[in-house]
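For reference, the structure is listed below as structure tokens.
Residue numbers (our numbering): -9 to 397.
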């Protein structure tokens, strides 16, 4: 629902919508939350983040309730009427038409009350992905992730320690064998007798400057390795495969039945975000197929209770990084498997790539830009060929500039 624009859009002069300040009761807010999550969350957040349309934080204070109801019920009619705010929002968001929603006035008021309630609640500083059954927030993040930075060094240190222990044991065995040999020998020289009677003075070994330096260096190396491993592993979730509320198999759907990714994830080629399929998409097939399956019955219950399926997000990027999904899939022609790996073979979806900044930059430096049939690049390619001998990669078009992903 493209309800609110950003800077430059003047609020409607009418009074703010009702529901601000906690005027609605809990039942109305809960009903609005259910409606919002089932119909609006694909395009809008209740905060300030832009998804497809604008964030709806405090929209009830910037728009009147009457205006919001008209806009949600029939945005096209409001735009055609010449309403300056509706036209401004339409133009600001690339003239992408929001669909009309056949809600009653009471249902729309409950949605507005829910947005007002969320706007009045302070946002948490950080929130882990919502866990599904038996899934704790934040599990498998960082330290448990596959491919953590420093794993090779850790293995090397373990091997070295094992080798040192084996060497020490071997030396002790050799020393014991030599002593037994000398004891069995009848005619010992003075030097041999002195060697046999010599006792190891561990106190002198400990006080040795060389030994203390070696022990100190080993301690420092181990401490530095652990610190680097922990710091560099922050936010890396490669291999993260949370348990989902419904056991959905990509191997069965995308692999065995060869269902195109775009059928379920309908916005992968046209939106900055790849959407999670709604229960309605599942029902296109499962209203007739495997209706009695225990997992499919979970979808039926979600629809009957008018509650969204709480899928656990697998791929997460930090808020400081901007990523546009359609720019890579539609414009760049990047295949799903490039980033998501052999998704068509996965029973349980796991994060295949590290999704770190270095990984993205390496891709931008090595991936040729897809310029075929795009007249925008014609002159740029000619200029590049005159000034550079290398391939026209993403980095040639500023793909490694900080502002491309951080602004």
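For each residue, glycine too, the CB sits at the ideal point set by N, CA and C.
Could you tell me how far apart the beta carbons of residue i and residue j are, in whole angstroms, since I believe they sit closer than 8 Å?
i           : j           : result
residue 276 : residue 289 : 6 Å
residue 373 : residue 345 : About 32 Å; that fails the 8 Å criterion.
residue 61  : residue 76  : 6 Å
residue 314 : residue 262 : 5 Å
Mind checking which residues open and close the alpha helix (DSSP H) that includes residue i?
i           : result
residue 75  : 74 to 82
residue 369 : 368 to 377
residue 65  : 65 to 70
residue 253 : 251 to 254
residue 50  : 49 to 52
residue 269 : 269 to 276
residue 392 : 392 to 395
residue 27  : 16 to 29
residue 201 : 199 to 222
Straight-line CA distance for residue i to residue j?
i           : j           : result
residue 322 : residue 366 : 13 Å
residue 293 : residue 34  : 21 Å
residue 199 : residue 208 : 14 Å
residue 328 : residue 389 : 17 Å
residue 37  : residue 46  : 6 Å
residue 58  : residue 91  : 12 Å
residue 364 : residue 319 : 15 Å
residue 304 : residue 252 : 18 Å
residue 146 : residue 168 : 33 Å
residue 233 : residue 357 : 34 Å
residue 29  : residue 268 : 9 Å
residue 210 : residue 85  : 60 Å
residue 383 : residue 377 : 14 Å
residue 311 : residue 216 : 27 Å
residue 362 : residue 368 : 9 Å
residue 102 : residue 300 : 22 Å
residue 272 : residue 148 : 49 Å
residue 41  : residue 283 : 34 Å
residue 259 : residue 250 : 12 Å
residue 386 : residue 202 : 53 Å
residue 123 : residue 235 : In this prediction, residue 123 has a pLDDT of 36, which is less than 50 and means its spatial position is unreliable; nothing more can be read from the coordinates.
residue 280 : residue 270 : 15 Å
residue 401 : residue 213 : Nothing about residue 401 can be reported from this structure: the residues present for the chain run from -9 to 397 only.
residue 218 : residue 342 : 23 Å
residue 371 : residue 359 : 10 Å
residue 375 : residue 326 : 30 Å
residue 241 : residue 333 : 7 Å
residue 238 : residue 337 : 7 Å
residue 120 : residue 287 : Note that residue 120 scores 37 on pLDDT, short of 50, meaning its location in the model is unreliable; the coordinates nonetheless yield the value given after this. The straight-line gap from Cα to Cα measures roughly 22 Å.
residue 108 : residue 72  : 31 Å
residue 67  : residue 349 : 46 Å
residue 96  : residue 347 : 47 Å
residue 17  : residue 98  : 14 Å
residue 274 : residue 380 : 49 Å
residue 184 : residue 166 : 15 Å
residue 443 : residue 155 : Because the chain in this structure spans residues -9 to 397, residue 443 falls outside the shown range and cannot be described.
residue 54  : residue 339 : 43 Å
residue 317 : residue 151 : 49 Å
residue 330 : residue 49  : 36 Å
residue 205 : residue 220 : 23 Å
residue 392 : residue 324 : 21 Å
residue 255 : residue 111 : 31 Å
residue 231 : residue 164 : 51 Å
residue 353 : residue 93  : 46 Å
According to the neighbour-count rule (16 or more other Cβ atoms, all chains shown, within 10 Å of its Cβ), is residue i buried or exposed?
i           : result
residue 153 : exposed
residue 22  : buried
residue 172 : exposed
residue 226 : buried
residue 396 : exposed
residue 105 : buried
residue 43  : buried
residue 69  : buried
residue 157 : exposed
residue 223 : buried
residue 246 : exposed
residue 19  : buried
residue 181 : exposed
residue 65  : buried
Taking CB distances under 8 Å as the criterion, tell me whether residue i reaches chain D.
i           : result
residue 302 : In summary, chain D is missing from the structure at hand, where a single protein chain is found.
Compute the minimum distance between the beta carbon of residue i and the heavy atoms of the ligand HEM, and state whether it is under 7 Å.
i           : result
residue 262 : By its list of ligands, the structure shown contains no ligand whatsoever, and the ligand HEM lies outside what it can speak to.
Runs of alpha helix (DSSP H) lying entirely within the stretch 82 to 111, each at least 4 residues, in chain order: 95 to 110
Complete alpha helix (DSSP H) runs within the stretch 295 to 355 (minimum length 4 residues, chain order): 326 to 330
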